[in-house]
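Taking it in order: structure first as structure tokens, then the write-up.
Residue numbers (this note's numbering): 58 to 190.
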């Protein structure tokens, strides 16, 4: 696949969606507040590294991740063959069983900017739980 995504960090749309879902579930804002684009320390940084920092923020507030459900929408490349690897990578950083991480790959059936091959989108929801003392 010859195209790529443009972003300040590594442009990993799936991990960014997961981070936003986790931060939102804990009422901690969004990734732009915690890792502002334009700051040199975040230039080309791994989103999995940032996800680890989000987990630290959740733990500081007394939360742990229960599960994640995410969908990546892209016309190309076809992502279905990478779903298991994506789930594994996320589960390792999140510190949860892979069975609690759902990642789905979909398309927009040729509609809109995604269907035209101009971008990719990702959506995620997260369940967080209070840690028992």
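C-beta atoms are modelled at their ideal positions from N, C-alpha and C, and glycine is treated no differently.
{"query": "Residue 157 vs residue 132 beta-carbon contact at 9 Å", "result": "no"}
{"query": "Beta carbon of residue 195 nearer than 9 Å to that of residue 159", "result": "Residue 195 lies beyond the range of the chain shown here (58 to 190); nothing can be said about it."}
{"query": "Backbone secondary structure at residue 187 - three-state DSSP", "result": "strand"}
{"query": "CB-CB length for residue 85 against residue 110, believed under 8 Å", "result": "Not quite, the Cβ-Cβ distance comes to about 11 Å (not below 8 Å), so this is no contact."}
{"query": "Within the region 97-137, ranges of the beta strand (DSSP E) (whole runs, at least 3 residues)", "result": "120-130"}
{"query": "The region 90-99 in contact with the region 142-149 per 3-pair CB rule at 8 Å", "result": "no"}
{"query": "Proximity of residue 125 and residue 78 at Cβ, strictly below 9 Å", "result": "yes"}
{"query": "Beta-bridge pairing of residue 181 - partner residues as DSSP gives them", "result": "127"}
{"query": "Run of the alpha helix (DSSP H) containing residue 162, from where it starts to where it stops", "result": "Per DSSP, residue 162 belongs to no alpha helix (DSSP H); it is in the beta strand (DSSP E), 158-163."}
{"query": "Helix, strand or coil at residue 84 according to DSSP, with G and I counted as helix", "result": "coil"}
{"query": "Check whether residue 122 and residue 184 have beta carbons under 9 Å apart", "result": "yes"}
{"query": "Residue environment, residue 104, which counts as buried when at least 16 other CB atoms sit within 10 Å", "result": "buried"}
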